[in-house]
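**Student:** Right, I'll just put the structure down here and ask away after.
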Amino acid sequence: MFFIPGEIISILTFPGIIVHEFAHMLFCRLRKVAVFDACYFRVGNPAGYVIHENTSNFYTTFLISMGPFFVNTLLCLFICLPAYMPIKFFQLDHPLSYFLIWLGVSIGAHAIPSNQDASNVYEQAKEKIKEKNLLAILSFPLIGLIYVFNFLRFFWIDVLYGVGVGIGIPSLIFK
Amino acid sequence: MKKTSCDICQKTDVPLNDTLKIEGKTYCAACIQATFPNDSHLELENIEKEFDPTVCVFCEKDFGSRHLSNIANYPVCEDCETDIRNRTFPTWVKAFLAAIVVIVIGAFFWNWKYYQAYNDIKTSNNQFTAGFYTQAAERMTSASEKVPEVEELSTLASYFRGIARLTEDKSAEALVEFNQCADKMPAEYNMAMLINQATIGATYDNKDYEGFLKASFKQLELDSSNATFWTSIASAYACIYADKGDESARKNAFLYLQKARSIDSTSADAREYYNMVEYRIDSKKIISREEFLQQFPNGWTKK
Chain A
4 MFFIPGEIIS
14 ILTFPGIIVH
24 EFAHMLFCRL
34 RKVAVFDACY
44 FRVGNPAGYV
54 IHENTSNFYT
64 TFLISMGPFF
74 VNTLLCLFIC
84 LPAYMPIKFF
94 QLDHPLSYFL
104 IWLGVSIGAH
114 AIPSNQDASN
124 VYEQAKEKIK
134 EKNLLAILSF
144 PLIGLIYVFN
154 FLRFFWIDVL
164 YGVGVGIGIP
174 SLIFK
Chain B
7 MKKTSCDICQ
17 KTDVPLNDTL
27 KIEGKTYCAA
37 CIQATFPNDS
47 HLELENIEKE
57 FDPTVCVFCE
67 KDFGSRHLSN
77 IANYPVCEDC
87 ETDIRNRTFP
97 TWVKAFLAAI
107 VVIVIGAFFW
117 NWKYYQAYND
127 IKTSNNQFTA
137 GFYTQAAERM
147 TSASEKVPEV
157 EELSTLASYF
167 RGIARLTEDK
177 SAEALVEFNQ
187 CADKMPAEYN
197 MAMLINQATI
207 GATYDNKDYE
217 GFLKASFKQL
227 ELDSSNATFW
237 TSIASAYACI
247 YADKGDESAR
257 KNAFLYLQKA
267 RSIDSTSADA
277 REYYNMVEYR
287 IDSKKIISRE
297 EFLQQFPNGW
307 TKK
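Order-wise, the sequence lines are chains A and B.
Position one of the first sequence corresponds to residue 4 (our numbering), numbered consecutively onward.
Position one of the second sequence corresponds to residue 7 (our numbering), numbered consecutively onward.
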């Protein structure tokens, strides 16, 4: 495992950052949450952000925080799925297919929400779980997974996640 | 605008927004700079920022003594609140996302033929395994037409069509298909054997009995342990005898029948084939297997 600065990874996978922040912003808009500032991509740390008001509505917090996880994952799959078949099954090396795989994996690589997002959900989920809220119960393993993924980011687990969704899932579907 | 006093330099009339509360003490901007010249000095301190409720934090407009409404503890004027609540995506982000959507939809349409071809191939292989050769050939042909750039598919389609034509007793057509794909098929597909089989059928159909004999000998060279291949030579000799009345051909026909019997004298298929050749020699009539079975459903017996 060799070290590559995060900024280079960010530049190489910039579509994923834009989509990630777009998803945060989209759910803020849908849930009518005020957004103070938003940056969709920059060379720096963080590479993108959306600063919004806090909300006491657990569902809103969940959607805003976990939005990128669902949006990026689905987009990754939908972009890679059409490109997978000509490359893998028919051994056709079309540049468009490789472009789609790069785009899809880049988007998938930024699906994992930040620890801050996980923490926002956790704070409200631990209260909601007392009311036996189903979403709160389901969110706990997800939160745990997010912390683990963020811990393993050094080992490129986020990129591996993108590869797993973009290439692993199609290979399971089309054996 | 609200004003306060600095706990460090005791200066009064300091705008509230220009101060910070550090460890409970109010600092003006100058005292913060003097006490904490580097940001790192502030890292371990307990810092509070108190916002002036009469000044909008976004446009910094002073509203005198009027208290503004808060969004997440920030005093915000009506105009800025409208902007914040209706903040929209920048044009370039909209364009970027639109491009992604177009790419996703376009990619699905562009690559749809590969998915159809994949489905055709799967279905075709299943039909071939189940013995539905004609249907299998149609699906494989359909797959190769959808993805003409994949040469292996057109080769496989030729092979499937060849097998289908062979089972339909259209040997000449099968031969054309096999000749098209023979050079490109892997060895385990035994193309030489199939080509020969198709040649035997085609020559028989064309009443080219010398060609039939030649192809039957070639088949025997490929596998001499198969009784059917010995019978095929006997059959070819029987045809020549029936066609030209060549006595040596008759003798050879019996000779090869005898050899075939020494390999397999029990199986029903083999015995049916021997019976058909014997009928041909005896009657000097050349009829197809179907006609023979129709005329003699219980087999032919010499009277």
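Just so you know, even glycine gets a beta-carbon here, dropped at the ideal spot from N, CA and C.
1. Going by the CB atoms, is the gap between L263(B) and Y280(B) shorter than 8 Å?
2. Of the residues that make up the stretch 48-59 of chain A, which ones have a beta carbon closer than 7 Å to any beta carbon in chain B?
3. Any beta-carbon of chain B closer than 8 Å to the one on Y164(A)?
4. With DSSP collapsed to three states, give me the class of D120(A).
5. Does the Cβ-Cβ distance between M146(B) and F114(B) come in under 8 Å?
6. I want to know whether the stretch 52-70 of chain A touches the stretch 117-127 of chain A - three or more CB-CB distances under 8 Å.
7. Kindly say whether V168(A), judged by its beta-carbon, lies nearer than 8 Å to any beta-carbon of chain B.
8. Which class does K9(B) belong to by DSSP, given the choice of helix, strand or coil?
9. Can you pull the DSSP bridge partners for K27(B)?
10. Hey, quick one: how far does the alpha helix (DSSP H) through H55(A) stretch, first residue to last?
11. What residue range is occupied by the uninterrupted alpha helix (DSSP H) comprising V181(A)?
12. What are the residues that DSSP puts in a beta bridge with D40(A)?
13. Which residues of chain A have a Cβ atom closer than 7 Å to the Cβ of E155(B), listed in chain order?
14. When the Cα atoms are used, what is the spatial distance from N44(B) to N60(A)?
15. Helix, strand or coil, according to DSSP, for D175(B) in the structure here?
16. Using 8 Å for Cβ pairs, my map puts L226(B) next to M199(B). What's the rounded Cβ distance?
17. Is there contact here, the stretch 29-37 of chain B with the stretch 9-21 of chain B, by at least three beta-carbon pairs under 8 Å?
18. At 9 Å on the CB atoms, spell out the chain B contacts of V38(A), in chain order.
19. On the three-state DSSP scale, how would you describe P43(B)?
20. Below 7 Å on C-beta distance, what does A114(A) contact in chain B?
21. Establish whether the CB of E117(B) and some CB of chain A are separated by less than 8 Å.
22. Could you tell me if S130(B) is buried or exposed, where buried requires 16 or more neighbouring beta carbons within 10 angstroms of its beta carbon?
23. Please go through the same chain and pick out, in chain order, the residues whose beta-carbon is closer than 8 Å to the beta-carbon of K131(A), but skip the five residues on each side of it.
**Tutor:** Taking the coordinates as given:
1. yes
2. E56, N57
3. no
4. helix
5. no
6. yes
7. no
8. strand
9. T32(B), E54(B)
10. First-last for H55(A): 52-55, but that is the beta strand (DSSP E), not the alpha helix (DSSP H).
11. Residue coverage of chain A in this structure runs from 4 to 178, which leaves residue 181(A) outside it and unanswerable.
12. I54(A)
13. L95
14. 39 Å
15. coil
16. With a Cβ gap of about 11 Å, L226(B) and M199(B) do not count as contacting.
17. yes
18. I90, R91, R93
19. coil
20. Those do not exist, as A114(A) stays about 14 Å from chain B at its closest Cβ, beyond 7 Å.
21. Note that residue 117(B) corresponds to Asn in the displayed sequence, not to Glu. Output row for N117(B): interface = yes.
22. buried
23. F61, L138, A139
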